[in-house]
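Visitor:
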DNA sequence: CATGAATGAGCATTCATTCAT
DNA sequence: TATGAATGAATGCTCATTCAT
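Chains as they are written, first to last, in our numbering: chain A, 49 to 252; chain B, 49 to 252; chain C, 49 to 252; chain D, 49 to 252.
#1: Relative to chain A, which residues along the region 191–209 of chain B have a C-beta separation below 9 Å, given in chain order?
#2: Could you say if the region 106–116 of chain B and the region 65–72 of chain B meet the contact criterion of at least three C-beta pairs nearer than 8 Å?
#3: Report the option in D/55, D/241, D/245, D/112 whose CA atom is closest to the CA atom of residue 74 of chain D.
#4: Looking at the structure shown, is residue 78 of chain C part of a helix, part of a strand, or coil, going by DSSP?
#5: Per the contact definition of three or more C-beta pairs closer than 8 Å, is the region 149–164 of chain A in contact with the region 220–232 of chain A?
#6: When you compare the CB of residue 212 of chain A with every CB in chain B, is at least one pair closer than 8 Å?
#7: Could you tell me the distance, in whole angstroms, from the CA atom of residue 190 of chain D to the CA atom of residue 208 of chain D?
#8: Would you identify the three-state DSSP class for residue 241 of chain B, choosing helix, strand or coil?
#9: Can the beta-carbon of residue 102 of chain D be found less than 8 Å from the beta-carbon of residue 181 of chain D?
#10: Name the chain C residues that come within less than 9 Å of residue 220 of chain D, Cβ to Cβ?
#11: Leaving aside the five residues before and after residue 146 of chain A along the sequence, list all residues of the same chain whose C-beta is less than 7 Å from its C-beta, in chain order.
#12: Please give the ranges of any alpha helix (DSSP H) in the region 152–236 of chain A, keeping only runs that are unbroken, at least 4 residues long and fully inside the region.
#13: Does residue 80 of chain B have its Cβ less than 8 Å from a Cβ in chain A?
#14: Using a beta-carbon distance below 8 Å, is residue 53 of chain C in contact with chain D?
#15: With H, G and I counted as helix, E and B as strand and the rest as coil, what does DSSP make of residue 49 of chain A?
#16: Shortest alpha-carbon distance to residue 179 of chain B belongs to which of B/93, B/137, B/114?
#17: For residue 162 of chain B, collect the residues of the same chain with a Cβ closer than 8 Å to its Cβ; drop the 5 residues on either side in sequence, then sort them by chain order.
#18: Need the endpoints of the alpha helix (DSSP H) that residue 115 of chain D sits in, please.
#19: Please list, in chain order, the chain D residues whose beta carbon lies closer than 9 Å to that of residue 239 of chain C.
#20: Can you tell me the Cα-Cα spacing of residue 246 of chain C and residue 212 of chain C, whole angstroms?
#21: Who are the Cβ neighbours of residue 84 of chain B in its own chain at under 7 Å, not counting the five residues just before and after it?
#22: Alpha carbon to alpha carbon, what distance is there between residue 235 of chain C and residue 137 of chain D?
#23: Thinking C-alpha only, which one of B/195, B/216, B/142 is nearest residue 120 of chain B?
#24: Alpha carbon to alpha carbon, what distance is there between residue 188 of chain B and residue 233 of chain A?
#25: For residue 139 of chain A, count neighbouring Cβ atoms within 10 angstroms of its own Cβ and tell me buried if that reaches 16, exposed if not.
#26: If residue 192 of chain A sits next to residue 134 of chain A, beta carbons under 8 Å apart, how far is it from one beta carbon to the other, in whole angstroms?
#27: Between the alpha carbons of residue 48 of chain D and residue 144 of chain D, how many angstroms are there, rounded?
#28: Going by DSSP in three states, residue 58 of chain D sits in which element: helix, strand or coil?
#29: Starting from residue 96 of chain C and walking both ways along the alpha helix (DSSP H), at which residues does that stretch end?
#30: With distances taken between CB atoms, is the gap from residue 205 of chain C to residue 249 of chain D smaller than 8 Å?
#31: Using a 10 Å radius around the Cβ and a threshold of 16 neighbouring Cβ atoms, would you call residue 243 of chain B buried or exposed?
#32: Taking DSSP as the reference, what is the three-state secondary structure of residue 138 of chain C?
#33: For residue 131 of chain A, does the three-state DSSP call read helix, strand or coil?
#34: Below 8 Å between beta carbons: does that hold for residue 123 of chain C and residue 160 of chain C?
#35: Could you check what DSSP says for residue 69 of chain D in three-state terms: helix, strand or coil?
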């Protein structure tokens, strides 16, 4: 029946609306300022309505993050799929990673810059989903580095150690710029590019 | 005069007490779990008393951070003062920076990993103080790199760009480990050392 | 016609299903923890469906209680029907009454230990039904006592007064044990038996 | 200082006011309908103010009950202190116990007729205070019965068993009348007196 | 007949802050 | 200087119920 379909579509639309509203608040005011009431108010629904679509606040935020990671992976895969030389692919992918953080500061901060104690009263299984996603993204980095080694662009070595080093450095660039703690950075585009070159040089 | 002095001293002592208590909670439970009442209870004063010494919660936390930076600078200066070769000094100083973050995760996260919007309703002058301190620490990095160049350990180049790159990377190592977002890092000591070597190699 | 009958039967069956599910929750978790959603979830229907079969929560609970009383009456009648001597019948019936309470604490508490104000916004006719049932059970007690008098086991007297006294005492034993307010009772079996003997002795 | 005293007095008065308001709601609407907001509204204070005087809802309700029991004990002691013959003292005390229940139905129901699961998420130590009080009252019953035995008014026997039996019966009279489940009791005064006589006869 | 969507009122509790004293 | 009393706004969440379909 058309009725059934329309209902289902409307339900999806409201879920989307909630997600978007939450994301906006999340981005503008940070995790600790996302409240069910604020979300509800901003979409002009009753707070309890949100609970028809998300088990609880964590479920909601988790869903946002999972979506964010899916996008990150999509972006990375799109670059990986271009069949460029390994080193070039790696560089572009890392650049894209940084860009993703700059495009979605709230997601990035939430997932990578939020200390554990903020989530102290949260059921840990809720996070395993997020971590699973994060590991998927990291796996792409590992693979890329392995390719560079295989291709002779990097000396053979401990893939895990190098991957983690590189991720930490790239994460530093991303989070440093995202958080923007008031530091007078030089031109960001240039800073990113030069930092990336140095990071890759350090690994080679 | 004696009366006046004693009063002033007592006032300072209470301020100190508040700072210490707040710092302890801050470190143990993180910024979002520092409550004025908790602080007051722990020093057995009334919550309102705190307001006689600090304008508000942020002023209090800001003061803590400024002290934290002072310690960071003390640690760095202690290494710089040893008169070791420039590269060795640089490496040790960066290692000390990371250690400082690991030793004081709450400070580190608060100062370097907390996005601006958390402080949205905060008087901006409070922050300029923190930034002034942060710039002091960063200046030490700049100087160290300049020394390496002068000494021929690093090719001449844009000191500012290299300094910022290095800081971002070292910050990545520090914040990545401090925040501990559930990632299965390899042995941390090793990861830190190898990362540092790669970072320095990338800059050379 | 067959259609009509089947529908009617199906309707009854769902009503039955709701009642059973509600009863289970009622018994396991008590009146205040029975929620329409819990019931609906447990039978895999929508909450709103329940309202097609019961006016509201109280109507539902009332129906449960009426069924409970029917069981109590069945139990009592089974004993009465054994044709034992009047006093023995009376004693066994009172024992059975207590057992009923212990077996169905939620029913018992709900019907006999719940003060009126809990039901403040409830249509009074719902209760008259329960009371009608309760009076049916009580009538069996009256009859039993009358039999004892007729048989010379008890001195003639005001049947109503004695019946009410006995019920109050037996109710005390039942509710005291059912509610279990933390009191360190002696062995319950013994306490019940000895209490019953004393109650009957007091009436004789 | 007068200031200090006045403040202290005012604090006590507000505590009293909260207690009274809560008690009124408690009596009129039952435990499950006592809410911090309702109490606050009824005395025209902010809900949070209540927390300056009571740790939480349980602490508040517990305080009410403890006060109630203190009154029960006062009443019992006043009778015991009259130096009447043991049996007469016992009868009057039991009569007073019943009267206490009738005078304070909410307390009585809360303490003696509320099943455990209502308090399922409550720290059990909070209740130990109430139980301690309740045991104090019960001890008076034990002592009274012992006196009757010593005085030859009752045959020697298991004091504990008899005490518990008597309490259960008297509790039945009290709770039966207090809860008032719609039963058409005969004249209550008479019912109480005759029941008491039968209870005592049954124990003798 | 049954449902899915939505609501509005309600809950206990915590917090930073103010202010008269 | 320090305090105690009080507040108002906020938090996540649950519930019985309604109603258009």
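The C-beta atom is built at its ideal place from N, Cα and C for all residues, glycine as well.
Bear in mind that the values here come from a model prediction, so they are computed numbers and not experimental data.
Guide: Let me spell this out:
#1: Per Cβ criterion, the list reads 206, 208, 209.
#2: A contact between stretches requires three or more CB pairs, one per stretch, nearer than 8 Å, and the region 106–116 of chain B meets this requirement with the region 65–72 of chain B.
#3: For the residues D/55, D/241, D/245, D/112, the minimum Cα distance to residue 74 of chain D belongs to D/112.
#4: Coil.
#5: As far as the Cβ criterion goes, the region 220–232 of chain A touches the region 149–164 of chain A, which means the pair count is three or higher.
#6: Chain B, which has a Cβ nearer than 8 Å to the Cβ of residue 212 of chain A, makes this yes.
#7: Roughly 7 Å between the two C-alpha positions.
#8: Taken through DSSP and simplified to helix, strand or coil, residue 241 of chain B comes out as helix.
#9: If you check the CB distance, residue 102 of chain D and residue 181 of chain D do not come in under 8 Å.
#10: In chain order: 215, 216, 217, 218, 219, 220, 221, 222, 223, 224.
#11: Listed in chain order, the non-local C-beta contacts of residue 146 of chain A below 7 Å within the same chain comprise 218, 221, 222, 240, local neighbours out to five positions each way being set aside.
#12: Within the region 152–236 of chain A, complete alpha helix (DSSP H) segments of at least 4 residues are found at 153–160, 173–198, 207–227, given in chain order.
#13: Taking Cβ atoms only, chain A reaches closer than 8 Å to residue 80 of chain B, which makes this a yes.
#14: False, the Cβ-Cβ gap to chain D never drops below 8 Å.
#15: Reliability of the predicted coordinates at residue 49 of chain A is poor, the pLDDT of 47 falling under 50, and the value obtained from them is presented with this limitation in mind. DSSP places residue 49 of chain A in coil when its eight states are reduced to three.
#16: Residue 179 of chain B has its Cα closest to that of B/114, out of B/93, B/137, B/114.
#17: Counting only Cβ-Cβ distances below 8 Å, and skipping sequence neighbours, we find 79.
#18: Start and end: 105–128.
#19: In chain order: 209, 212, 213, 216.
#20: Cα to Cα, residue 246 of chain C sits roughly 16 Å from residue 212 of chain C.
#21: These residues qualify, in order along the chain: 95, 98, 105.
#22: Straight-line Cα distance between these residues: approximately 28 Å.
#23: Of the listed residues, the one whose Cα sits closest to residue 120 of chain B is B/142.
#24: Taking the straight line from one Cα to the other gives about 16 Å.
#25: Label assigned to residue 139 of chain A: buried.
#26: With 8 Å as the limit, residue 192 of chain A and residue 134 of chain A qualify as a contact, their Cβ atoms being about 7 Å apart.
#27: This structure cannot settle anything about residue 48 of chain D, because the visible part of chain D is limited to 49 through 252.
#28: Three-state result, residue 58 of chain D: helix.
#29: Boundaries of the alpha helix (DSSP H) around residue 96 of chain C: 95–98.
#30: Not in contact: residue 205 of chain C and residue 249 of chain D (Cβ atoms no closer than 8 Å).
#31: Burial state of residue 243 of chain B is buried, judged by a 10 Å Cβ sphere holding 16 or more other Cβ atoms.
#32: In this structure, residue 138 of chain C counts as helix in the three-state DSSP scheme.
#33: The answer is coil: DSSP assigns residue 131 of chain A none of H, G, I, E or B.
#34: Going by C-beta atoms, residue 123 of chain C is not nearer than 8 Å to residue 160 of chain C.
#35: Secondary structure of residue 69 of chain D (DSSP, three-state): helix.
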